[in-house]
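Okay, structure first, notes after.
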Amino acid sequence: MEAGPASSAGPAPSRLVAIDVARCLALLGMVATHVLDPRTLDGELTLAQSLAGGRASALFAVLAGLSIALTTGRRVPLRGRSRAAASTGLVVRAGLVAGVGLVLGELDAGIAIILVYYGVLFVCALPFLGLGARALLGWAAGWLVVAPVLAHLLRAELPARGWESPSFASLADPGPLLSELLVTGYYPVLPWVAYLLAGMALGRMDLGSRRVAAAVAVTGGLLAGAAVAVSDALTRRADVVAALVADWPSWLAPPVPGADLLDQPAGGMFGTTPTGAWEWLLVRAPHSATPFDLAHTVGSAWLVIGVALLVVGLLPAVARYAVAVVFGAGTATLTFYALHVAMNSALLPPAETPESFRWHVLVLAAGGAGLVALGRRGPLETGVGALARGTASVVAAWPGGRVGYGAAMDANDDKTPTDDSQDRSPEQSEGQVSEVASMEGGGAGEEIVPGDATAGSPDHSAGDDRPDEGTAGPDAPPRHGIPEDSNESSR
């Protein structure tokens, strides 16, 4: 499906546009952390790193979970054959997104590619597809605390990270590759499931309600602020400071006497913390995957999504369409993430310098605006969505099952916030596909991808016509430096 009814019937519903805005912000944040220097010449954190470091990728992952929920029944989870079909589609999408990640890993882009991690993360959503919002929130809260502790224990027993980005060569060592994807890598799936669950919980809520949107924004802000306050208070204790200094990693610049001990980690870690002192679990450094880092970035993601829902919901139709065009890159984050990686390599211009950031932004903005104006999906979203939907349709139409995966899925994806009934025609939901949704194997034409995977899919409600969006781009990893004692090249 190249274009949806929205292209001719008017602007997309506010909820869909708001989620695209959030995805676009996550994509641009990822681009900034990859292209711009994290520190000024004076050694201070740049504004881009302060705002986007660690938060852009987390926002993508939370949006991915949100999209998965929206495409597997929204407020009422799918059951039976419909859930089986959705699960099959999600697995196929996950494999295809991971495959794109392996291809990008062959490029010398100097970026830790997140797509293979995202593919594994999507599969981890399968056991939770039948849960409602409250149960998902409970799982997210528990996972946020327990998973980092478990990962801390496991890392001491596992081999060190071996690749900057997974590539086809990595497949020759499946054991080390699996441990890296789950525990020791830049985007360790084990703790990152907390993002997925937090996003799925959002997708099970009534996002069409301003009261819910406001509650999401306020809760997110309070959670993010509380994580900062508690972490800072704990890491200022003399015993904690002594433990961290004694276990300071060689790949971080040594702490400066009299300066903030955690100034160097604030520039971004590499997905994990040292495995010595347990006190490292108290820090909130970007990409440290500690309980406080996860809590802060989940809260930040909820804040962005909630504010986007509130602001876009207040706009008249014409202004909403203008916003949809300006933030159009959020409808095809998989395609634009891949393009960004290629532009950061020798394959495509511009040369890799901080000044090239403007070109990345211009290309992504122009491409996204063009897709929205023409009612088109990104090429990668189109391919991934078609294969995933086709496979899911086979499961749905298997003897004894309902005929037509698209009809079964659309019946759930298009429910309005106030109508939890399963009665819905395929025509009502066709064209409402988000990048992330497609990856999840949810509704017809919906795809989840990197950014999206990182991103969320639009929430499908009755009468909301929307062109299929493909996968949202992965939260592109921040511009990480690489530990000197590893075999990875630093940027």
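The opening position of the sequence shown corresponds to residue 101 in our numbering, with each subsequent residue numbered one higher.
By construction, the Cβ of each residue, glycine as well, lies at the ideal position given by its N, Cα and C atoms.
Query	Result
Mind checking whether G592 and R155 have CB atoms under 8 Å apart?	It is not possible to answer for residue 592, since the shown part of the chain is limited to 101 through 591.
Distance, Cα to Cα, L163 vs E452?	29 Å
What did DSSP end up calling R139 once you bin it into helix, strand or coil?	strand
Thinking C-beta only, is A438 closer than 8 Å to L204?	yes
Specify the secondary structure class of L447 as computed by DSSP and reduced to three states.	coil
May I ask which residues mark the beginning and end of the alpha helix (DSSP H) holding D339?	A338 to A346
I'd like to check one pair, L394 with A294: are the Cβ atoms closer than 8 Å?	yes
Three or more C-beta pairs closer than 8 Å, one from the stretch 310 to 324 and one from the stretch 237 to 254: is that the case here?	no
For L91 and V404, what's the separation of their Cα atoms in angstroms?	Beyond the ends of the chain as shown, which are 101 and 591, falls residue 91; an answer cannot be given.
Would the beta-carbon of A225 fall within 8 Å of that of L281?	no
Which complete alpha helix (DSSP H) runs does the stretch 283 to 323 hold, if anything under 4 residues is left out?	289 to 303
S182 and G413 look like a contact to me (Cβ under 8 Å); what is the Cβ gap, rounded to whole Å?	So it is not a contact: roughly 29 Å between Cβ atoms.
Which ranges does the alpha helix (DSSP H) cover as unbroken runs of at least 4 residues, wholly within the stretch 329 to 399, from first to last along the chain?	338 to 346
For L434, count neighbouring C-beta atoms within 10 Å of its own C-beta (all shown protein chains included) and say buried if the count is 16 or more, exposed if not.	buried
Counting pairs of beta carbons, one from the stretch 339 to 351 and one from the stretch 320 to 327, are three or more of them closer than 8 Å?	no
Which of the three DSSP states is assigned to L163 in this structure?	helix
Indicate whether L410 and R310 have their beta-carbon atoms separated by less than 8 Å.	yes
Got a sec, what are the start and stop residues for the alpha helix (DSSP H) S150 sits in?	L147 to A152
Take F427 and list the residues in its own chain whose beta-carbon comes closer than 6 Å to its own, dropping the five residues that flank it on each side.	D120, V121 and C124
Measuring straight from C-alpha to C-alpha, what distance separates L231 and G180?	14 Å
Can at least three beta-carbon pairs, one atom from the stretch 181 to 200 and one from the stretch 483 to 493, be found at a separation below 8 Å?	yes
Spell out a yes or no on whether the stretch 377 to 392 and the stretch 327 to 342 are touching, meaning 3 or more CB-CB pairs, one atom from each, closer than 8 Å.	yes
Apart from the five residues on each side of it in sequence, which residues of its chain come closer than 8 Å, Cβ to Cβ, to W239?	F228, L231 and L297
According to DSSP, is D120 part of a helix, a strand, or is it coil?	helix
What would DSSP say about G475, mapped onto helix, strand or coil?	coil
Three or more C-beta pairs closer than 8 Å, one from the stretch 272 to 291 and one from the stretch 207 to 227: is that the case here?	yes
Quick one: is D513 buried, meaning 16 or more other Cβ sit within 10 Å of its Cβ, or exposed?	Low local confidence applies: a pLDDT of 37 at D513 is under 50, so the model's placement there is unreliable, and no value is given.
Check for me: the alpha helix (DSSP H) holding V248 runs from which residue to which?	Position check: residue 248 holds Pro in this sequence, whereas Val was assumed. Element bounds for P248: A233 to R255.
So, G368 versus G153, is the Cβ gap smaller than 8 Å?	yes
I'd like the list of long-range same chain contacts for A401, defined as Cβ closer than 6 Å, with 5 residues on each side in sequence excluded.	A158, L159 and V162
Within 10 angstroms of its Cβ, does F268 collect 16 or more other Cβ (buried), or is it exposed?	exposed
Leaving out the 5 sequence neighbours to the left and right, which residues in its chain are closer than 6 Å to A118 when beta-carbon positions are compared?	A408, L409 and V412
Are the CB atoms of H440 and V131 nearer to each other than 8 Å?	yes
Helix, strand or coil: how does DSSP classify T433 here?	helix
Could you check the C-alpha separation between V385 and L361 for me, to the nearest Å?	The residue you asked about is not Val; residue 385 is Ala in the sequence shown. Their backbone Cα atoms lie some 11 Å apart in a straight line.
Figure out for me which residue from A488, W243 and G467 has the closest Cα to the Cα of S187.	A488
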